[in-house]
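Engineer: Here it is, the structure in full.
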Amino acid sequence: MQHFIKGIAAVAVAAGLLVATAPPGDAAEDITFLFPAPEFLPAFTPYQLAKAKGYYEDEGINVTFQVGKGGADVAKQVALGNAELGNSIGDTPIIVRANGLKVKDVAMLGGKALTQIIIRSETGADGIDGLKGKKIGVMSFQDTTYYNLLGALAAVGMTKEDVEIQAVGPAGVMQLMISGDLDAISGVPEWAAAIQGAGVDLTIQPINDLFPATAQAIVASDDTIADKPELVAGFVKGTLKALEEIMTDPTGASTYLAENVPAFEGKQGMLENVMKRYNTLVYPVASMDDLGKVDPQRLKDVQDFYVEHGIVRTATPLGELYTNEFVN
């Protein structure tokens, strides 16, 4: 158990949170893929598995992973052409396109929200509506964990004035929950795993049941989509192939990563635990035919909420926020 806690806490704290195979002889195209947080976080295992198993190479892509400074920075660097593709939350284009950064979701890694309301069971609350007057932690007031929390509160007729929201950073969300200085957090599955691993009983309320927030997404600039569609399609194909393996065989996927990726050595149990949480809370889709597809109605609902609450000033035409042309 101690080994499990150490493994998941280490990676979570570090977060700070259709082209055929290239013919023989063709040189693989070098690209940069940007993460919003350290690449060895369990949230990013679909990409790690795809790279380790050669799925990107099969598509004629030689990918280098680099780390940005959060989802908004990923979108900025992708929009500026400093990286061909990146990972962010699916609602990121809603926020950044309003600031002139022309990026789109090109694939969604799951059909449900990435974030959850994670509650200390000793509060007696079985959902967010029982947290009036309580302390709720988020990474920052410019982070999706905060925006999603506002949506969840609104869904039960509450506002930020009904609770005490604290921005405590990626380490604080776990440490202060473990110490009991927070009653709840808006967070991701691996944070809950780390807190429970430290012996804290939790009640977890999926934000997806309250507010149509989004999962992680692969984002690309309008220019890359127009100029390198085969590259985008190949990267999406490789990633979704790995994601499907995680969904259908988390034991096999976690074992492969633990045996083949140095950052995950000795962490098979932790990885499998977190993958199973994602398989329940984040990845499920109506059918496997929908895997990777952006749900335009969900994206519209999120944007409507953001406009209504002043998170963005004006709505962007829905077609500018996403494309499903590279899925399947």
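In case it helps, mature numbering (1 follows the signal peptide of the UniProt record, and there is no 0) puts the sequence shown at residues -27 to -1, 1 to 301.
Think of the CB as a built atom: it goes at the ideal place given N, C-alpha and C, for glycine as much as any other residue.
1) Tell me whether Val47 is buried or exposed, calling it buried when 16 or more other Cβ atoms sit within 10 Å of its Cβ.
2) What are the residues that DSSP puts in a beta bridge with Tyr295?
3) Would DSSP call Ser260 helix, strand or coil?
4) Are the CB atoms of Ala86 and Asn233 within a distance shorter than 7 Å?
5) Which same chain residues end up closer than 7 Å to Leu132 when comparing Cβ atoms and leaving out the 5 residues on each side of it in sequence?
6) Mind checking who Leu58 pairs with in its DSSP beta bridge?
7) Could you name the residues of the same chain whose beta carbon sits closer than 6 Å to that of Gln39, not counting the 5 residues immediately before and after it, in chain order?
8) Helix, strand or coil: which one does DSSP assign to Val205?
9) Would you say Asp156 and Thr96 are within 7 Å of each other, going by their C-beta atoms?
10) Considering only residues of the same chain and omitting the five flanking positions on each side of His282, which have a CB-CB separation below 7 Å?
11) Taking Cβ positions, are Val79 and Ala166 nearer each other than 7 Å?
12) How many Å lie between Asp200 and Gly54 at the Cα?
13) Pick from Ala23, Phe13, Glu30 and Ala25: whose alpha carbon is nearest that of Ala(-1)?
14) Going by DSSP, which residues form a beta bridge with Ile177?
15) Whole angstroms are fine: how far does the CA of Lys24 sit from the CA of Gly(-3)?
16) For Leu291, which residues of its own chain have a beta-carbon under 8 Å away from its beta-carbon, when the five flanking residues on both sides are left out?
17) For Pro(-5), count neighbouring C-beta atoms within 10 Å of its own C-beta (all shown protein chains included) and say buried if the count is 16 or more, exposed if not.
18) Between Thr212 and Lys77, is the Cβ-Cβ spacing less than 7 Å?
19) Going by DSSP, what residue range makes up the beta strand (DSSP E) through Lys107?
20) Beta strand (DSSP E) containing Ile158: first to last residue?
21) Run the CB neighbour count on Lys105, radius 10 Å, all protein chains shown included, and call it buried at 16 or more, exposed below.
22) What are the boundary residues of the alpha helix (DSSP H) that Ile67 is part of?
23) Return the chain-ordered list of same chain residues with a C-beta closer than 7 Å to the C-beta of Phe114, the five sequence neighbours on each side being excluded.
24) Quick check on this structure: which residue in Thr187, Ile219 and Pro162 has the alpha carbon closest to the alpha carbon of Leu175?
25) Look up Val267 in the DSSP assignment and say whether it is helix, strand or coil.
26) Return the Cβ separation of Ile62 and Ala190 in integer angstroms, given the expectation that the two are a contact with Cβ distance under 8 Å.
27) With distance defined between alpha-carbon atoms, name the residue in Lys249, Ala231, Leu204 and Gly207 nearest to Pro223.
28) Buried or exposed for Glu298, going by 16 or more other Cβ atoms inside 10 Å?
29) Please list, in chain order, all residues of the same chain as Lys107 whose beta carbon is under 8 Å from its beta carbon, the five residues on each side excluded.
30) May I have the straight-line CA-CA distance separating Ala206 from Val300, to the nearest angstrom?
31) Go ahead and pull the three-state DSSP assignment for Asp301.
32) At the level of alpha carbons, what is the spacing between Leu74 and Glu293?
33) In or out: Arg70 buried (at least 16 other Cβ within 10 Å) or exposed?
34) Pick helix, strand or coil for Ile284, following the three-state DSSP scheme.
Structural biologist: By the coordinates alone:
1) Buried: at least 16 other Cβ atoms inside 10 Å.
2) Assignment of beta-bridge partners to Tyr295 by DSSP yields Asp78.
3) Here Ser260 sits in coil by DSSP.
4) Result no, Cβ atoms of Asn233 and Ala86 do not sit closer than 7 Å.
5) The question names Leu, but residue 132 is Thr in the sequence shown. The beta carbon of Thr132 is closer than 7 Å to those of Leu126 in its chain, skipping five residues each way along the sequence.
6) BP columns for Leu58 point to Phe6 and Ala193.
7) Closer than 6 Å at Cβ, skipping near neighbours: Thr5 and Leu7.
8) Val205 sits in a helix when the DSSP states are folded into three classes.
9) Between Asp156 and Thr96, the CB-CB gap stays under 7 Å.
10) When the five nearest sequence neighbours on each side are left out, the beta carbons in the same chain lying within less than 7 Å of the beta carbon of His282 are those of Leu123, in order along the chain.
11) No, the Cβ-Cβ distance between Val79 and Ala166 is not below 7 Å.
12) Roughly 12 Å separates the two Cα atoms.
13) Minimum Cα-Cα distance from Ala(-1) among the listed residues Ala23, Phe13, Glu30 and Ala25 corresponds to Glu30.
14) Its beta-bridge partners are Ile91.
15) Only weak support is given to the placement of Gly(-3): the predicted model assigns it a pLDDT of 45, under 50, and the value that follows is read from those uncertain coordinates. Rounded to the nearest whole angstrom, the C-alpha separation of Gly(-3) and Lys24 is 20 Å.
16) Same-chain partners within the cutoff: Pro269, Leu272, Lys273 and Gln276.
17) Since pLDDT at Pro(-5) reaches only 44, below the 50 mark, its modelled position is unreliable, and no value is offered.
18) At least 7 Å separates the beta-carbon of Thr212 from that of Lys77.
19) From DSSP, Lys107 is part of no beta strand (DSSP E); its letter is neither H nor E.
20) Annotation for Ile158: the continuous beta strand (DSSP E) segment containing it runs Ala157 to Gly160.
21) Exposed, since its Cβ has fewer than 16 Cβ neighbours within 10 Å.
22) Start and end: Thr65 to Val69.
23) Result list for Phe114: Ala140, in chain order.
24) Relative to Leu175, the option among Thr187, Ile219 and Pro162 whose CA is nearest is Pro162.
25) Note: Val267 maps to coil in three-state DSSP.
26) That pair is a contact at about 7 Å.
27) Relative to the Cα of Pro223, the nearest Cα in the group Lys249, Ala231, Leu204 and Gly207 belongs to Lys249.
28) With fewer than 16 Cβ atoms within 10 Å of its Cβ, Glu298 is classed as exposed.
29) Within the same chain, Cβ atoms closer than 8 Å to the Cβ of Lys107 are found at Thr96, Ala98, Val136, Glu137, Asp156 and Ala157, the five residues on either side in sequence being excluded.
30) Using only the alpha carbons, I get a separation of about 7 Å.
31) Before going further, note that residue 301 is Asn rather than Asp in the sequence given. In the structure shown, Asn301 sits in coil (DSSP, three-state: anything other than H, G, I, E or B).
32) One Cα belongs to Leu74, the other to Glu293, and the distance between them is close to 11 Å.
33) By the neighbour-count definition (other C-beta atoms within 10 Å, threshold 16), Arg70 is a buried residue.
34) DSSP, reduced to helix, strand and coil, places Ile284 outside both helices and strands of the structure shown, so it counts as coil.
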